[in-house]
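Peer 1: Chains as they are written, first to last, in this note's numbering: chain Y, 1 to 227; chain S, 228 to 288; chain D, 289 to 537.
Where a beta carbon is used, it is the ideal one built from N, C-alpha and C, also for glycine.
For clarity, every value in this text was computed on a predicted model and none was experimentally measured.
Take this structure, written in structure tokens, and hold onto it; I'll ask about it next.
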């Protein structure tokens, strides 16, 4: 198999998924609104004290990012599963894990990238500023692809299973813990003046690890689901 | 042996509540697990017997 | 190869049945010995007083909870690799016992933490990874019960168990790292090398007792799973009341 045909398969999937998402843009808009609403609820619940808000900001923003990713996981494979495209993906000569990578990439562009782009605005709501805002954006840029990668495993495992919406949350959230710790930790340590570099590089390590393992596990889960 | 009397033993140097809760909870969990397995096995065997007696008649099982 | 003979359920079922009483007996004997040593031979701890005696159930439960998860993942991996039904059944049989020990480790940990640290719960690396371990056991079991097709249930929960085995050490080290950042909760659970030899001995005996208990219980459960999955009543030692019943028809 030539490299170019594999590359074309991946870009083809990404292009197709993005095109479909553009047609159903309200789905993506909903998850963005969800993020904004969840994040805005916290100051209303906790109180407007700026010092308190700054302290909880990294955790709140990161947990909100986690939940936003979780909500959109059903869209990764379910439509293709229902209309039979997924069964064809298993049969094509290109390795399934590579096609999975394409689908995950598209999922990240649709649901992860908006979170990254919106995060400075949300950070301002919580009184983050300057370098810390930059670290927040960077941590989300490194962390949200990992969330999509891990989430895809869960989405593939619960494909077509009853009660899959809640089940996928139970499966995936424990796996999100390291990313949450490093992501929120980067922002916290930047606020404390230690600099977020160490946490950011650990986030990068998580990304690399998930890049190698997750598509493979997802492909295995998809094959099981389609048997 | 460091226990002067039975009440001293049960008091556990003032930590009786914590110590005995731990040990009793563990014992209860294990007993419950064994009991649950016992009943599960009885149920599974009963079902097999019913299936055997029913033979090809699916509704009997 | 003697082992390959027992890798088919029909042969494994009676073998497991013969082994269960032995493991159960050893477990009971060791538990009695371990409890006696723990309560009557091991001395009072200088710093913690009598509350330290909780470790005689806490540490064995915590060890078993992690060990059983790894064993479950190994069976799951073997099942995936060799397409062996028995391996999946073993993985299925291990999960509830592992989850129970995880729960017990958390509960007894809280019971120990309250008098020792003054708090029921501390976000320390061990407690946190134990909590996530409980979530993962729950995930494995819930995924299995949600899928009706046995073959898919076996394989899907195997994939999740294997993914989880990568996750737990990462969580352990990430929480340790996170605690150094937050400084506050720098608790050390280690009782250190000062532990008296009899304390260590009692703890080890209890651990082996819990191990033997786990084997007995898991073998009993895997037999239940076999009975539920396959309708081959001839496996059973006593073909209960069959002849009369057949004649009666």
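Using the three-state DSSP reduction, which class does residue 322(D) fall into: helix, strand or coil?
Peer 2: Looking up residue 322(D) in the third chain gives position 34. In the structure shown, residue 322(D) sits in a helix (DSSP, three-state: H, G or I).
Peer 1: Around the Cβ of residue 190(Y), are there at least 16 other Cβ atoms within 10 angstroms (buried) or fewer (exposed)?
Peer 2: Numbered from its first residue, the first chain carries residue 190(Y) at position 190. So residue 190(Y) counts as buried.
Peer 1: Should residue 380(D) be labelled buried (16 or more other beta-carbon atoms within 10 Å of its own) or exposed?
Peer 2: Residue 380(D) sits at position 92 when you count from the first residue of the third chain. So residue 380(D) ends up on the buried side.
Peer 1: Measuring only between beta-carbons, confirm whether residue 177(Y) sits less than 8 Å from chain D.
Peer 2: Counting from 1 along the first chain, the entry for residue 177(Y) is found at position 177. True, the Cβ-Cβ gap to chain D drops below 8 Å.
Peer 1: Taking only beta-carbon atoms, is residue 394(D) less than 8 Å away from chain S?
Peer 2: Here the question's residue 394(D) lines up with position 106 in the third chain. No - not a single Cβ of chain S is within 8 Å of the one on residue 394(D).
Peer 1: Could you check where the alpha helix (DSSP H) with residue 408(D) kicks off and where it finishes?
Peer 2: Locating residue 408(D) in the third chain gives position 120, counting from the first residue. Per DSSP, residue 408(D) belongs to no alpha helix (DSSP H) and is neither H nor E.
Peer 1: Can you find the residues in the same chain that come closer than 8 Å, C-beta to C-beta, to residue 187(Y), ignoring five residues on each side of it along the sequence?
Peer 2: Taking the first chain and counting its residues from 1, the one referred to as residue 187(Y) is at position 187. The residues are 57, 58, 61, 62, 128, 132, 135, 136, 139, 196.
Peer 1: In or out: residue 371(D) buried (at least 16 other Cβ within 10 Å) or exposed?
Peer 2: Numbered from its first residue, the third chain carries residue 371(D) at position 83. Looking at its Cβ environment, which holds fewer than 16 other Cβ atoms inside 10 Å, residue 371(D) is exposed.
Peer 1: For residue 3(Y), count neighbouring Cβ atoms within 10 angstroms of its own Cβ and tell me buried if that reaches 16, exposed if not.
Peer 2: Walking along the first chain from the start, residue 3(Y) turns up at place 3. With fewer than 16 other Cβ atoms within 10 Å, it is exposed.
Peer 1: Please classify residue 212(Y): is it buried, with 16 or more other beta-carbons within 10 angstroms of its beta-carbon, or exposed?
Peer 2: Taking the first chain and counting its residues from 1, the one referred to as residue 212(Y) is at position 212. The C-beta of residue 212(Y) has fewer than 16 other C-beta atoms within 10 Å across all chains shown, which makes the residue exposed.
Peer 1: With distances taken Cα to Cα, identify the nearest neighbour of residue 37(Y) among 106(Y), 78(Y), 65(Y).
Peer 2: Taking the first residue of the first chain as 1, we reach residue 37(Y) at position 37. Nearest C-alpha to residue 37(Y): 65(Y).
Peer 1: Who are the Cβ neighbours of residue 441(D) in its own chain at under 7 Å, not counting the five residues just before and after it?
Peer 2: Within the third chain, numbered from 1, the residue matching residue 441(D) stands at position 153. The answer, listed in chain order, is 432, 435.
Peer 1: Does the distance from the CB of residue 429(D) to the CB of residue 387(D) come in under 8 Å?
Peer 2: To locate residue 429(D), count along the third chain from 1; it is residue 141. To locate residue 387(D), count along the third chain from 1; it is residue 99. Going by C-beta atoms, residue 429(D) is nearer than 8 Å to residue 387(D).
Peer 1: Between the Cα of residue 242(S) and those of 457(D), 400(D), 301(D), spot the shortest distance and give me the residue it belongs to.
Peer 2: Against the second chain, residue 242(S) aligns to sequence position 15. Out of 457(D), 400(D), 301(D), 400(D) has the C-alpha closest to the C-alpha of residue 242(S).
Peer 1: If you draw a straight line from the C-alpha of residue 151(Y) to the C-alpha of residue 229(S), how long is it?
Peer 2: One-based indexing of the first chain puts residue 151(Y) at position 151. One-based indexing of the second chain puts residue 229(S) at position 2. So the alpha carbons of these two residues sit roughly 55 Å apart.
Peer 1: Taking only beta carbons into account, state which residues of the segment 443-464 of chain D come closer than 8 Å to chain Y, listed in chain order.
Peer 2: 443, 444, 447, 448, 450, 451, 452, 454, 455, 458, 459, 462, 463
Peer 1: Helix, strand or coil: which one does DSSP assign to residue 337(D)?
Peer 2: On the third chain, residue 337(D) is found 49 positions in, with the first residue counted as 1. Three-state result, residue 337(D): strand.
Peer 1: Of the choices 467(D), 420(D), 321(D), 465(D), whose alpha-carbon is the least far from that of residue 454(D)?
Peer 2: As a first step, residue 454(D) must be located in the third chain, where it is residue number 166. Selected option, being the one with the closest Cα: 420(D).
Peer 1: For residue 251(S), does the count of other Cβ atoms within 10 angstroms reach 16, so buried, or fall short, so exposed?
Peer 2: Taking the first residue of the second chain as 1, we reach residue 251(S) at position 24. It counts as exposed.
Peer 1: Could you please give the first and the last residue of the uninterrupted alpha helix (DSSP H) stretch that includes residue 14(Y)?
Peer 2: Mapped onto the first chain, residue 14(Y) falls at position 14. For residue 14(Y), the enclosing alpha helix (DSSP H) stretches over residues 3-23.
Peer 1: Is it true that the CB of residue 498(D) sits closer than 8 Å to the CB of residue 352(D)?
Peer 2: To locate residue 352(D), count along the third chain from 1; it is residue 64. To locate residue 498(D), count along the third chain from 1; it is residue 210. Going by C-beta atoms, residue 352(D) is nearer than 8 Å to residue 498(D).
Peer 1: Would residue 239(Y) count as contacting chain D if we go by Cβ distances under 8 Å?
Peer 2: Any question about residue 239(Y) goes unanswered here, given that chain Y covers just 1 to 227.
Peer 1: On the three-state DSSP scale, how would you describe residue 126(Y)?
Peer 2: On the first chain, position 126 is the one that residue 126(Y) refers to. Coil at residue 126(Y), not helix or strand.
Peer 1: Span of the alpha helix (DSSP H) holding residue 344(D)?
Peer 2: Working through the third chain from its first residue, we reach residue 344(D) at position 56. Unbroken alpha helix (DSSP H) run through residue 344(D): 343-370.
Peer 1: Need the endpoints of the alpha helix (DSSP H) that residue 212(Y) sits in, please.
Peer 2: As a working mapping, residue 212(Y) is identified with position 212 in the first chain. From DSSP, the alpha helix (DSSP H) with residue 212(Y) extends over 197-226.
Peer 1: Tell me, to the nearest whole angstrom, how far the beta carbon of residue 80(Y) is from that of residue 71(Y); I am working on the premise that it is less than 8 Å.
Peer 2: As a position in the first chain, residue 80(Y) is number 80, starting the count at 1. As a position in the first chain, residue 71(Y) is number 71, starting the count at 1. At roughly 18 Å, the Cβ-Cβ gap does not stay under 8 Å, so residue 80(Y) and residue 71(Y) are not in contact.
Peer 1: Give me the chain Y residues within the contact set of residue 423(D), using Cβ-Cβ distance strictly less than 8 Å, ordered along the chain.
Peer 2: Taking the third chain and counting its residues from 1, one reaches residue 423(D) at position 135. Neighbours of residue 423(D) on chain Y, chain order: 170, 173, 174.
Peer 1: For the alpha helix (DSSP H) containing residue 510(D), name the first residue and the last one.
Peer 2: Locating residue 510(D) in the third chain gives position 222, counting from the first residue. Counting along the chain, the alpha helix (DSSP H) containing residue 510(D) begins and ends at 485-517.
Peer 1: State the DSSP-derived secondary structure class of residue 48(Y), mapped to helix, strand or coil.
Peer 2: Mapped onto the first chain, residue 48(Y) falls at position 48. Residue 48(Y) falls in the coil class under three-state DSSP.
Peer 1: Below 8 Å on the Cβ atoms is my contact criterion, and I expect residue 144(Y) with residue 123(Y) to pass it. Report the Cβ-Cβ distance as a whole number of Å.
Peer 2: Position 144 of the first chain, counting from 1, holds the residue named residue 144(Y). Position 123 of the first chain, counting from 1, holds the residue named residue 123(Y). Contact doesn't hold; Cβ gap of about 15 Å is too wide.
Peer 1: Got a sec: which bits of the segment 399-431 of chain D sit with their beta carbon under 8 Å from any beta carbon on chain S, in order along the chain?
Peer 2: Legend: CB atoms of the segment 399-431 of chain D lying less than 8 Å from CB atoms of chain S belong to residues 399, 400, 402, 403.
Peer 1: List in chain order: all unbroken alpha helix (DSSP H) runs of 4+ residues lying wholly within the segment 391-459 of chain D.
Peer 2: 413-434
Peer 1: Compute the distance between the beta-carbons of residue 538(D) and residue 389(D), then report whether it is under 8 Å.
Peer 2: Nothing about residue 538(D) can be read from this structure; chain D reaches only from 289 to 537.
Peer 1: If you follow the alpha helix (DSSP H) that residue 259(S) is in, where does it begin and where does it stop?
Peer 2: Residue mapping note: residue 259(S) aligns to position 32 of the second chain, counting from 1. Element bounds for residue 259(S): 243-281.
Peer 1: Closest by CA to residue 39(Y), which one among 173(Y), 120(Y), 108(Y), 15(Y)?
Peer 2: In the first chain, residue 39(Y) corresponds to position 39, counting from 1. Considering only alpha carbons, the answer is 120(Y).
Peer 1: Measuring only between beta-carbons, confirm whether residue 471(D) sits less than 8 Å from chain Y.
Peer 2: Within the third chain, the letter at position 183 stands for residue 471(D). Confidence at residue 471(D) is low in this model, with a pLDDT of 47, below 50, so its placement is unreliable and the value that follows should be read with caution. It does not; no Cβ of chain Y falls within 8 Å.
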